[in-house]
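Numbering (UniProt numbering), first residue to last: 1 to 342. From the three backbone atoms N, C-alpha and C, an ideal C-beta is built for every residue, glycine too. Computed from a predicted structure; not experimentally measured.
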């Protein structure tokens with residue numbers, strides 16, 4: 001796959017993600033941030049971070065795959081796509097009790113948000129009732145709830161909101177002009193439409209992307225611009241470093257320079273100053289020094305646990321050691337609420 005710098009394509013936003021007449025962050029302005037001397041960029045990011053998160057706490061979120069493999073999409077980075085031979089087997093959706101047990105363990109380990117992910121293009125109506133039960137029961141534990149189930153219809157988003165879901169994750173993945181290099185089974189507007197349905201239902205948005213897929217710096221700036229120009233921008237912004245999995249089309253790419261990843265975190269913090277910027281997939285390959293720079297650049301959320309859907313993640317004990325070394329505190333451990341799930 002070849003990166004290109006074709007002009008940014010115009011996209012339409014589904015209400016109430018409002019289309020704005022003048023972009024708050026034109027791509028050229030975002031690119032100018034990327035191009036700053038590293039120390040200047042870090043200073044700007046740290047200034048924005050301290051102004052908006054004076055407590056400096058790090059959110060711990062745990063992600064569980066409630067339905068693994070067999071996805072009909074062709075996302076070039078994803079080992080769960082049925083068309084790729086990656087060793088990931090298609091499995092049925094987990095029982096509600098298995099999910100609740102995992103949520104309880106996450107809470108006891110200090111997580112405050114529990115995310116449930118399913119490898120679907122979009123959920124079937126027959127799946128919704130079970131997911132809604134999971135959301136209600138996990139929320140009854142006192143955890144924030146998040147789900148990522150693929151594209152949603154307006155009525156499906158409303159059903160999740162009625163069940164008490166707090167956040168819906170639906171990543172834009174990359175810049176509009178690079179999107180077709182990675183995915184062909186849906187288009188960019190499909191992603192924006194789902195985000196619109198999520199906002200209409202009153203849910204908070206968790207939306208970010210993946211870097212290191214062969215895109216140019218300008219296209220990384222294009223992704224950040226798309227996110228920052230959503231009105232409002234996402235409350236939670238996961239920034240993923242591509243985890244290359246053998247059998248997927250993106251396996252074998254030259255890895256992204258670690259400092260470029262740090263720059264991406266910093267630019268996300270500056271352009272979306274009040275968002276939780278999550279250091280997401282790829283942390284296992286980064287090492288402690290790069291992760292420390294990401295926290296300095298404004299990351300204040302991590303996925304916490306030994307697995308992210310199907311790829312490895314630093315173990316919780318290792319994360320605790322690193323956070324202690326850096327003197328970073330976490331959001332307060334939630335107390336269990338009375339309910340059938342405890």
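Check each candidate in the options and name the one with the smallest Cα separation from residue i.
| i | options | result |
| --- | --- | --- |
| residue 279 | 128, 211, 24 and 182 | 211 |
| residue 42 | 262, 326 and 330 | 262 |
| residue 235 | 134, 169 and 316 | 169 |
| residue 296 | 328, 304 and 318 | 328 |
| residue 260 | 232, 290 and 276 | 290 |
| residue 160 | 186, 185, 130 and 275 | 130 |
| residue 242 | 301, 270, 88 and 283 | 283 |
| residue 122 | 139, 28, 110 and 148 | 148 |
| residue 271 | 240, 244 and 226 | 226 |
| residue 107 | 140, 216 and 132 | 140 |
| residue 111 | 61, 28, 250 and 39 | 61 |
| residue 198 | 229, 274, 53 and 151 | 151 |
| residue 258 | 113, 322 and 293 | 293 |
| residue 233 | 254, 101, 171 and 218 | 171 |
| residue 97 | 134, 71, 90 and 64 | 134 |
| residue 93 | 127, 76 and 105 | 127 |
| residue 163 | 203, 175, 74 and 53 | 203 |
| residue 190 | 136, 317, 215 and 153 | 153 |
| residue 55 | 188, 144 and 300 | 300 |
| residue 213 | 237, 175, 331 and 205 | 175 |
| residue 320 | 109, 47 and 104 | 109 |
| residue 238 | 201, 146 and 47 | 146 |
Starting from residue i, trace the alpha helix (DSSP H) both ways and give me its first and last residue.
| i | result |
| --- | --- |
| residue 123 | Careful: residue 123 lies outside any alpha helix (DSSP H) and carries neither H nor E. |
| residue 44 | 38-52 |
| residue 98 | 96-108 |
Span of the beta strand (DSSP E) holding residue i?
| i | result |
| --- | --- |
| residue 144 | 144-148 |
| residue 294 | Premise fails: residue 294 lies in the alpha helix (DSSP H), 283-296, not in any beta strand (DSSP E). |
| residue 183 | Unbroken run through residue 183: none, as it is neither H nor E. |
| residue 59 | 59-67 |
How would you call residue i, buried or exposed, if buried means at least 16 neighbouring beta carbons within 10 angstroms?
| i | result |
| --- | --- |
| residue 50 | exposed |
| residue 125 | exposed |
| residue 166 | buried |
| residue 87 | exposed |
| residue 303 | buried |
| residue 173 | buried |
| residue 182 | buried |
| residue 269 | buried |
| residue 117 | buried |
| residue 66 | buried |
| residue 79 | buried |
| residue 114 | buried |
| residue 252 | exposed |
| residue 178 | buried |
| residue 90 | exposed |
| residue 72 | exposed |
| residue 330 | buried |
| residue 276 | buried |
| residue 220 | buried |
| residue 39 | exposed |
| residue 229 | buried |
| residue 208 | buried |
| residue 119 | buried |
| residue 35 | exposed |
With DSSP run on the structure shown, which of helix, strand or coil describes residue i?
| i | result |
| --- | --- |
| residue 279 | strand |
| residue 304 | coil |
| residue 264 | helix |
| residue 113 | strand |
| residue 330 | strand |
| residue 163 | helix |
| residue 27 | helix |
| residue 118 | strand |
| residue 81 | strand |
| residue 243 | coil |
| residue 323 | helix |
Please specify which runs of the alpha helix (DSSP H), each continuous and at least 4 residues long, are wholly inside the region 167-237, giving them in chain order. Runs found: 188-200 and 217-228.
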